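Here is the structure we will look at.
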Ligand SMILES: Cc1cc2nc3c(=O)[nH]c(=O)nc-3n(C[C@H](O)[C@H](O)[C@H](O)COP(=O)(O)OP(=O)(O)OC[C@H]3O[C@@H](n4cnc5c(N)ncnc54)[C@H](O)[C@@H]3O)c2cc1C
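Numbering (this note's numbering), first residue to last: 30 to 425.
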């Protein structure tokens, strides 16, 4: 329920500008909220006079009416990011178990063309909200639109990618709706009709299963943790257009320029098909050259353990693991990495793991498909030499 305290309203109009659904008018010097209101809360956040209040709690008691699994769609360079398809794959599996629908939530400018791909990857329904102001991700309008949609349609579960955008958006939505959120999940399953959200806890030493006592149940999931769903062309999907009207003056931040940190000749870690990673066993910053030489030959990305990063041998962006990037390449080559749990949670989804370590008892060998026991200073350059020869002979 939304109320305007008339005695506090100073008819400044900031709520009118902030409302993405065009639901507020100033009539007789008081803000009046119309039927288009979705309880998104954008007006509450901007009202300096504290004249608008929303009462949500009583709406959250009856869980039975909360239905369907929603996936927030992340767009980058006009394309749906791969992680969205991973989340759709998981959502499809959970929805089939619950007998509910998978819904994709697509926000942006002129994004309807992306619906086909979302449908092919498992969406039964797609909610589309288009507006010029949604072209770039901004916290406030994205939060308002999403909170509005959730309040109106009452989904059972909402999942977001644990990317920079998802990690910004999901907590804001959760706080506005006063519901729980489990961040950085590595597993989702259904138990007794509820969402079991699995994530590392206590420094990665245990995996905790978390359930929410509020609805919708919300979680962020790291890229490269879930497998993409099956691609089925021509699936019947309902598209629901959500009219929104965002006044750019209501957005408090402005993106002036997006500067990519990625250089064109470096393979990004989270998209690489092959990764060669180095740990403390590399011995020095300079010695990372042996890893880079092997990566060059394989057209692979270079990764590092946290120890290597903490020692200043590689920047943090190279770190694989619980507090770094989660990867799932076709081949992961771990050189001089012991295989502590915090590293394993970030790379155990790789198709083939090759470990090179001088200690035959190193835990990395427990997850490795192929293990080489030996000094990496001899093994890695030898491997690089053999591969160069092999590739040269193939080109002849
Ligand atoms: C909250 C938390 C979050 C964390 N997040 C991460 C994370 O995201 N990523 C991560 O990696 N870690 C993370 N850690 C740290 C993690 O617990 C380990 O300390 C770290 O992974 C160890 O890195 P390492 O394997 O390179 O080093 P070590 O454990 O010291 O292992 C070095 C290995 O190199 C081998 N070696 C040495 N010399 C040679 C040689 N010449 N040839 C071959 N092998 C050799 C040794 O036998 C050994 O197995 C986290 C820890 C905590 C508490």
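Ideal Cβ placement from N, Cα and C applies to all residues, glycine included. Just so we're clear, the structure is a prediction, and the values are computed from it rather than from any experiment.
- For residue 210 against residue 199, the beta-carbon gap comes to about 6 Å, under 8 Å, which counts as contact.
- The DSSP assignment places 393 to 396 as complete runs of the alpha helix (DSSP H) inside the segment 374 to 419, in order along the chain (cut-off: 4 residues).
- For the set 81, 244, 164, the Cα lying nearest the Cα of residue 97 is the one of 244.
- Within the DSSP bridge table, the entry for residue 159 names 137 as partners.
- In this structure, residue 386 has its beta carbon less than 6 Å from a heavy atom of ligand 1.
- Residue 330 places its beta carbon less than 7 Å from that of residue 301.
- In terms of Cα proximity to residue 84, the closest of 30, 62, 416, 137 is 30.
- At least one heavy atom of ligand 1 is found less than 6 Å from the C-beta of residue 366.
- Minimum Cα-Cα distance from residue 221 among the listed residues 123, 278, 287 corresponds to 123.
- Between the segment 264 to 272 and the segment 141 to 161, the count of C-beta pairs closer than 8 Å reaches three or more; the two stretches touch.
- DSSP places residue 223 inside the beta strand (DSSP E), whose first and last residues are 223 to 230.
- Residue 381 is not a Cβ neighbour of residue 408, given a cutoff of 7 Å.
- For residue 97, there is no enclosing alpha helix (DSSP H), as DSSP marks it with neither H nor E.
- Taking a cut-off of 8 Å on C-beta distances, the segment 277 to 284 touches the segment 149 to 167, as three or more cross pairs fall below it.
- Between residue 320 and residue 305, the C-beta gap is smaller than 7 Å, which places the two residues in contact.
- A distance below 7 Å separates the beta carbons of residue 255 and residue 115.
- The beta carbon of residue 314 lies closer than 6 Å to those of 342 in the same chain, with the five residues before and after it left out.
- Between residue 249 and residue 228, the C-beta spacing is not below 7 Å.
- Comparing C-alpha distances from residue 125 to each of 152, 405, 163 shows the shortest one belongs to 152.
- C-alpha of residue 390 to C-alpha of residue 400: approximately 11 Å in a straight line.
- The Cβ atoms of residue 405 and residue 326 do not sit closer than 7 Å to each other.
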